[in-house]
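If you read the protein sequences in the order shown, they are chains L and C.
Going by the UniProt record's numbering, the first sequence opens with residue 1, and the numbers climb by one from there.
Going by the UniProt record's numbering, the second sequence opens with residue 1, and the numbers climb by one from there.
Don't be surprised by glycine CBs; every beta carbon is placed ideally from N, CA and C.
Source: prediction; values computed, not measured.
Each remark here refers to the structure printed beneath this line.
2 protein chains.
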Amino acid sequence: MRFARQTISVQEAVDKWLAVLPTLATEQVNIGEAYGRILACDLHATHDLPHFDRSPLDGYAVKAADTVTASVGSPVALRVIETVAAGQVPAREVMAGCATRIMTGAMMPEGADAVIMFEQTQNPGEQSEQVWIKRALQPGDNVSRRGEEMAKGTVIAQAGERINAGTIAILATFGFSRVDVFRRPRVGLLSTGSELLGVDEPLVPGKIRNSNMAMLSALVAEAGGVPVCFSGMKDELAPAKNKISEYMQQVDVLISSGGVSVGDYDVIAHLADDPDVELLFNRVAMRPASPTTSMLVAGKPLLALSGNPGACFLGFELFGRTAIRQLAGEKGVKPPIIQARLAVPYEKPCPYPRYLRGKLMEQDSVLLAVPDFNDKAGNLGTLKDSECFIVIPAGGSGKAVGELVDVLAHAAPAWRKDG
Amino acid sequence: MRFARQTISVQEAVDKWLAVLPTLATEQVNIGEAYGRILACDLHATHDLPHFDRSPLDGYAVKAADTVTASVGSPVALRVIETVAAGQVPAREVMAGCATRIMTGAMMPEGADAVIMFEQTQNPGEQSEQVWIKRALQPGDNVSRRGEEMAKGTVIAQAGERINAGTIAILATFGFSRVDVFRRPRVGLLSTGSELLGVDEPLVPGKIRNSNMAMLSALVAEAGGVPVCFSGMKDELAPAKNKISEYMQQVDVLISSGGVSVGDYDVIAHLADDPDVELLFNRVAMRPASPTTSMLVAGKPLLALSGNPGACFLGFELFGRTAIRQLAGEKGVKPPIIQARLAVPYEKPCPYPRYLRGKLMEQDSVLLAVPDFNDKAGNLGTLKDSECFIVIPAGGSGKAVGELVDVLAHAAPAWRKDG
């Protein structure tokens, strides 16, 4: 199995992988904990919005009919009968010749059908018993009508949507202090490799510190998962198999790094031969990260990423982030591909689609993809500066300046002006 | 002060506001808690990367000179003297006519200067005592040299940078298990308004539920701050002043919503008259959110946003998010403005620059700004779908389809293909 691998396209691999992932159970959380979670049911407006006619500004509620002759040169005098602050219920009906002093957000008094702002009146003092209106109004002017924004029963948010700050605002408005969301995916993380040292261990010849575990842990949390870090695994097959089975019972998906290549001690590659394992793929048509592997181990999904940090990062963005989003209940999950113009030539033929790390810039509304020229799969130094992967298709002789290229944008591109 | 306001531009207001904000103290956190924080000092590579010559693939370490005549038709036989796994230190020097079986990431043995991959050999079995090389190599082929990626002492990350998953990877590699970051800003949140009900309170006539507090709390956390929610404040000036002073001592910045307009009970507007207060601005040339106000109260920064949810949201994106980023130590903070083509006409003259909520799409590499036509300042229903604010400049008669417009992108635009 290690050598005789069947190569499939990135698209096929993503589809195959997402198809085996379940959607997790739901739970109820407080609105204060709902940010970033995925809604588990449709929600409807529990009342009209606004739920009473109200004034959108500070001024006087009047009968428009009283103002038909009003102008700056010939203002109309009205008697002020009441002041209504936001939150109060008006006590008096506005009759002909009268006005109610009204604050932003306050309830319209009976009888009034328009509001004039302070700035268009004369003598708008707080204690004034009379006010002069300097403009003619139409019925409805400056009144926010009950239900104007939304009628009771309107769908305000749908199952499968990610809850953002705007969603929180609408949930609060309609009194949803608790909300049904999908459970957060528990994502097991495992590094394989006898060469790996802990971050706080001193360096020794031949060994390196484990950077993938810390990186994946950050990426999993960023994507909305709960990282569960398991202790590292030496390159020994039998104990590794047992550990993996044990770990998988504790999580919704296990993501490993390392051990996917054709080396003698590549435990993940060997694992695929196990009768309990259904291999989904173990070679993807892309560079780097082509040995990215996925399988079901006793029915549970395992994503095995390359040990190489850059390849591990790419594999996570394509398969890990999408998996977490899908497990968490998000609808229509796929890698976020957009198009941009290549800012500099890339003139190498590629046997496989090449995913170059780079930056995404905007110039006069056009997106420019700027590859990182230090892009070796393992180059750790520029990983933090990467905003996207630029896809150079297989075959041909690369891409010229200005050609359209597909770009896999990371979760949060840092927008920057050129220069 | 309530009526006689001086209008300043958004740019001036942002500059004035950011200029009064301090940078917070630093603290040390574990690498596992460092994601999203801002680095407080430059960090340097603690060793060469890689710190030993290593093989980037699975194969045989050889002397290139031994392979000069090798070809598929006439492979060269070498004697296998050792197997080196990743993490091991080779025990034997590779002499002429010999090869060491070597795994990805393993240390190069003395004497070898090139690596040939398994796939270019014959008889590469694990127990083979002899292997046939089918390709001629140059010295250095398939060897990752010590220091090739980075020399010891190289700056790996700089003060003022936000730590992302890539930064975490490089920190782990160089053994930074703890890292100096700026303290997270404590952001006090306060809603003013006698009309406000809690999210779990039943609706009564004239009152509405407080949606800004929950929304701002989510936005503050998203921006990297620690939201500190204070209990709501009635529209009464004397107690409000005392409360605000008390609250401000507990936080790095206080953000309020409501009470900034010209109404009789607008406590924030009245507060600006206090002798202890240095007003920075109380009218910004934009719609909505023009009454957005900022001041120093006993030297501490207060940002007063409109009570209107849409205006509150815009005010936060311009002044609140930038403030949190700056307090948290980020360098060169400014609102993230990019340019896009207007996707539909907006043919109204604007006395002030108009910030329309909308979506940012990409079509053949060009960014399209699609305004939300339900965009009333207070429209809560579409707040969650907003990806950006589209800026229609003041004067003129709006903008035609295809014209360039400035766009204030939110923190994380959701990229979507058109159609």
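Beta-carbon proximity of residue i to residue j, cut-off 9 Å
i	j	result
L327 (chain L)	I255 (chain L)	no
G224 (chain L)	T23 (chain L)	no
A159 (chain C)	D42 (chain C)	yes
residue 420 (chain C)	S306 (chain C)	One cannot answer for residue 420 (chain C) here, as it falls past the ends of chain C, which runs 1 to 419.
V262 (chain L)	P291 (chain L)	yes
residue 421 (chain C)	L342 (chain C)	Chain C is shown only over 1 to 419; residue 421 (chain C) falls outside these bounds and no answer can be derived.
I116 (chain L)	T83 (chain L)	no
T121 (chain L)	A61 (chain L)	no
V187 (chain L)	D252 (chain L)	yes
I102 (chain L)	M95 (chain L)	no
V154 (chain C)	G310 (chain L)	At residue 154 (chain C) the sequence reads Thr, which differs from the Val that was named. Going by C-beta atoms, T154 (chain C) is not nearer than 9 Å to G310 (chain L).
P139 (chain L)	A65 (chain L)	yes
G111 (chain C)	E93 (chain C)	yes
P301 (chain C)	V10 (chain C)	no
E148 (chain C)	L18 (chain C)	no
L314 (chain L)	Y346 (chain L)	no
Beta-carbon proximity list for residue i, same chain, < 8 Å, skipping 5 on both sides
i	result
K384 (chain L)	none
V181 (chain L)	T26, E27, Q28, V29, A34, R37, I38, L39, A40, I163 and G329
H47 (chain L)	K152 and F174
Exposed unless 16 or more other CB atoms sit within 10 angstroms - verdict on residue i
i	result
R162 (chain C)	buried
G396 (chain L)	exposed
Q127 (chain L)	exposed
residue 462 (chain C)	Any question about residue 462 (chain C) goes unanswered here, given that chain C covers just 1 to 419.
D15 (chain L)	exposed
S365 (chain L)	buried
K417 (chain C)	Any reading at K417 (chain C) must be qualified, since the residue scores a pLDDT of 34, below 50, and its modelled position is unreliable; no value is offered.
M1 (chain C)	At M1 (chain C) the pLDDT is 46, less than 50, meaning the model places this residue with poor confidence; the figure from the coordinates comes in the next sentence. Exposed: under 16 other Cβ atoms inside 10 Å.
N123 (chain C)	exposed
G419 (chain L)	Bear in mind that a pLDDT of 30 at G419 (chain L), under 50, signals an unreliable position, so the number given afterwards is only what the model happens to contain. Classification of G419 (chain L): exposed, given that the 10 Å Cβ count is below 16.
V131 (chain L)	buried
R200 (chain L)	The sequence shown places Asp at residue 200 (chain L), rather than the Arg named in the question. So D200 (chain L) ends up on the exposed side.
E222 (chain C)	buried
I81 (chain C)	buried
P239 (chain C)	exposed
S211 (chain L)	buried
Chain-order list of residues whose beta-carbon lies under 7 Å from that of residue i (same chain, five-residue window excluded)
i	result
A70 (chain L)	V76, I133, K134, R135 and A136
L360 (chain L)	A340, L367, A369, E387, C388, V407, A409 and P413
H51 (chain C)	R146
E278 (chain C)	M295 and L296
K243 (chain C)	M233
G206 (chain L)	E195
A106 (chain L)	R54, S55, V84, A85, A86 and Q88
D274 (chain C)	K241
V72 (chain C)	K134
Y247 (chain C)	G188, L190, F230 and L254
N379 (chain L)	G310
Nearest-angstrom Cβ-Cβ length linking residue i and residue j, presumed shorter than 8 Å
i	j	result
A169 (chain C)	A214 (chain L)	7 Å
G320 (chain C)	L219 (chain C)	7 Å
F174 (chain L)	A45 (chain L)	6 Å
L216 (chain L)	F316 (chain L)	6 Å
A394 (chain L)	P351 (chain L)	6 Å
S257 (chain C)	S191 (chain C)	5 Å
P335 (chain C)	I392 (chain C)	Not really, about 16 Å apart at Cβ, beyond 8 Å.
Q250 (chain C)	V228 (chain C)	7 Å
I31 (chain C)	R184 (chain C)	Their Cβ separation, rounded to whole angstroms, is 16 Å, which puts I31 (chain C) and R184 (chain C) out of contact at 8 Å.
Q6 (chain L)	R283 (chain L)	6 Å
Beta-carbon contacts of residue i that lie in its chain and below 6 Å, excluding the five residues immediately before and after
i	result
D276 (chain L)	A298
I8 (chain C)	F281
W415 (chain L)	Any reading at W415 (chain L) must be qualified, since the residue scores a pLDDT of 42, below 50, and its modelled position is unreliable; no value is offered.
I337 (chain L)	D406 and L408
G59 (chain L)	V115, I116, M117 and F118
Y265 (chain C)	D235
R287 (chain C)	Y352 and R354
E12 (chain C)	none
E403 (chain C)	L342
According to DSSP, residues forming a beta bridge with residue i
i	result
C41 (chain L)	Per DSSP, none; premise fails for C41 (chain L).
T121 (chain C)	C:I133
R101 (chain L)	L:Y60 and L:T83
Beta carbons nearer than 9 Å to chain B: which residues of the segment 106 to 123 of chain L have them? Among the chains of the structure shown, chain B does not appear; the protein chains present are L and C.
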